[in-house]
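Asks:
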Amino acid sequence: MVKHVSSFGRNGVHDFLLIRATAILMTLYTIYLVSFFAFSGDISYISWTQFFGSAFTKIFTMLALTSVLIHAWIGLWQVLTDYIKCSKLRGGLQFGIVIILLSYFFSGISILWGA
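For the sequence shown, my numbering assigns the number 276 to the initial residue and increments by one for each residue that follows.
(1) When the Cα atoms are used, what is the spatial distance from residue 366 to residue 372?
(2) If contacts are defined as beta-carbon pairs under 8 Å, then residue 294 and residue 346 qualify, I think. What distance do you get, rounded to the angstrom?
(3) By Cβ distance, which residues of its chain are closer than 8 Å to residue 376, with the 5 residues on each side in sequence left out?
(4) Let me know the secondary structure DSSP gives residue 318 once reduced to three states.
(5) Under 8 Å by Cβ, that's how I've got residue 368 and residue 355 pegged, so tell me the actual separation to the nearest angstrom.
(6) Rounded to the nearest angstrom, what separates residue 341 and residue 389 at their Cα positions?
(7) State the start and end residues of the unbroken alpha helix (DSSP H) segment that holds residue 363.
Here it is in structure tokens:
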């Protein structure tokens, strides 16, 4: 069996399950945000900061962000693996995507948990 170093999951089934799990988590997060907008009435800066100031929302937001990044990496890895045949170009693109996704992750941490 060939092991792909750059794949996120161990195999195709694992990637499939990760995609489905992250999609479910992103759907739940979307429902959570929509319910906040629908039921909070007038949204002001104070209500917005209180909403995102709660530990539950911060943790749920980080889980959703991590899910988006995992979802994006698996999808982009599959597209690059299928359509970019030159291994050096594919490796460079994958490296660039990893750098971008990591910067999104650390930006999310900084925005949510920073001062």
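We put the CB at the ideal spot given by N, CA and C, even for glycine. Bear in mind that the values here come from a model prediction, so they are computed numbers and not experimental data.
Replies: Quick answer:
(1) Taking C-alpha positions only, residue 366 is separated from residue 372 by approximately 10 Å.
(2) Confirmed, Cβ separation roughly 6 Å.
(3) Same-chain partners within the cutoff: 344, 347 and 348.
(4) Residue 318 falls in the coil class under three-state DSSP.
(5) Correct: roughly 6 Å between the Cβ atoms.
(6) When rounded, the distance between both Cα atoms is 17 Å.
(7) Per DSSP, residue 363 belongs to the alpha helix (DSSP H) from 362–388.
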